[in-house]
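Q: Have a look at this one.
Number of protein chains: 2
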Amino acid sequence: MFLGRFAHALDAKGRLAVPARFREALAEGVVLTRGIDRCLSLYPMAAWRPLAEKVSALPITDPDARNFRRMVFAEATDLDLDGQGRILVPPELRRYAGLEREALVVGMDTAIEIWSPERWQAVEEVMEADGAEIAQRLASLI
Amino acid sequence: MFLGRFAHALDAKGRLAVPARFREALAEGVVLTRGIDRCLSLYPMAAWRPLAEKVSALPITDPDARNFRRMVFAEATDLDLDGQGRILVPPELRRYAGLEREALVVGMDTAIEIWSPERWQAVEEVMEADGAEIAQRLASLI
DNA sequence: CCACTTGTCCCCACTTTTCCCCACCGTTGT
DNA sequence: ACAACGGTGGGGAAAAGTGGGGACAAGTGG
């Protein structure tokens, strides 16, 4: 269970420290991939497998499904934490998420998201302004 | 589990280095063949067998099935990696996929695809433009 | 049947990148 | 105040990618 938001630095090599309290759940390996809304998603291996299997099962006869699979798997990377509990974020993913010197590591219960501070702030502002409305609209889904 | 996208050079002899992290899963031999959408597909032998059996089982009475079968098997090659972990891409397949100096080796979970950079970019552009819609449409299949 | 040409494969060497390890520093909690 | 833990930074060893030379085998023509 991942909770909380942590500001960590990306060093010159593109490494990012995972909060110590998350590490135990990630010891079996992780998959880092593009998230929606220009953030990155980090899945523990156990959570990634069922997701990957669903995508793999999409009909190969459907051109859109083929391309969708390509985007999901081509941009994903399987990693292990290094001895210091860090992950290496590939340059392509760094660019996608707009990460430079600083990054926010955000617990999302079953997975982890990684945000550039600027983009995160934009999300926060939206929620601050329209949070009540948004919650109301989602009421039917819960 | 094959993940990620790697740019590697085809040398003058038509050899292509397979990313080191993929090699272990390919040690038992591989089959290289035409993929859909003008890329090449590289299957570990263990994944190829059931696929070949499915294609073989297609009804011989159907003209499309006959042609599909020819396309799959006639251009397929079974290979082993050389000492450096490379495969030799036959000229005919190189031409089919439009490969020249550079190639992208793309993990697709259960298999590997090989793309010319130009064609891959075209796929990326489609997904950038319509990715959100496509994802939404496919959501119903997942 | 033999010589020659062509293409394949194996091996070695070089360059670049990756990753592993160690050391430092700040913060937290005792 | 001190110890321990978590985060940050960098140097060096090992591996990966690339290129080319030479041996071998197969196919072709005389």
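Quick note, the sequences are listed as chains A and B, same order.
Just so we're aligned, residue 1 is where the first sequence starts under the UniProt record's numbering, counting upward by one.
Just so we're aligned, residue 1 is where the second sequence starts under the UniProt record's numbering, counting upward by one.
All residues carry an ideal CB built from backbone N, CA and C; glycine is no exception.
Remember, predicted model here, so these are calculated numbers, not experimental data.
Would you mind sorting F73 (chain A) into buried or exposed? The rule is 16 or more other CB atoms within 10 Å of its CB.
A: With 16 or more neighbouring CB atoms inside 10 Å of its own CB, F73 (chain A) falls in the buried class.
Q: Residue range of the beta strand (DSSP E) that F6 (chain B) falls in?
A: 5-9
Q: Relative to the C-alpha of G29 (chain A), which candidate in A:L42, A:M108, A:R38, A:A20 has its C-alpha closest?
A: A:L42
Q: Mind the definition here: the region 14-26 of chain A touches the region 96-115 of chain A only if three or more C-beta pairs lie below 8 Å; say whether that holds.
A: yes
Q: At a CB distance below 7 Å, what residues from the UniProt domain "SpoVT-AbrB" (5-47) of chain B approach chain A? Give them in sequence order.
A: R5, I36, D37
Q: At a Cβ cut of 8 Å, what residues of the region 108-128 of chain A count as close to chain B, listed as they run along the chain?
A: none
Q: Looking at I112 (chain B) and F6 (chain B), is the spacing between their C-beta atoms short of 7 Å?
A: Contact: no.
Q: Just to check my reading of the structure: I134 (chain B) and D64 (chain A) have Cβ atoms closer than 8 Å, yes? What is that Cβ distance to the nearest angstrom?
A: Rounded, the Cβ-Cβ distance is 5 Å, consistent with contact.
Q: For P44 (chain B), which of B:L81, B:A9, B:R70 has the nearest alpha-carbon?
A: B:L81
Q: Taking Cβ positions, are E75 (chain A) and R15 (chain A) nearer each other than 7 Å?
A: no
Q: Can you give the Cα-Cα distance for K54 (chain B) and A47 (chain B), rounded to whole angstroms?
A: Answer to the nearest angstrom: the Cα atoms are 12 Å apart.
Q: When the Cα atoms are used, what is the spatial distance from H8 (chain A) to A17 (chain A)?
A: 7 Å
Q: Within the continuous alpha helix (DSSP H) that includes S41 (chain A), where are the two ends?
A: Element bounds for S41 (chain A): not the alpha helix (DSSP H) but the beta strand (DSSP E), 40-44.
Q: So what does DSSP say about V18 (chain B), is it helix, strand or coil?
A: coil
Q: How many angstroms separate the CA atom of S56 (chain A) from the CA atom of E124 (chain B)?
A: 19 Å
Q: Between the alpha carbons of E92 (chain A) and I36 (chain A), how many angstroms are there, rounded?
A: 15 Å
Q: Answer yes or no: do L99 (chain A) and L10 (chain A) have a C-beta to C-beta separation smaller than 7 Å?
A: yes
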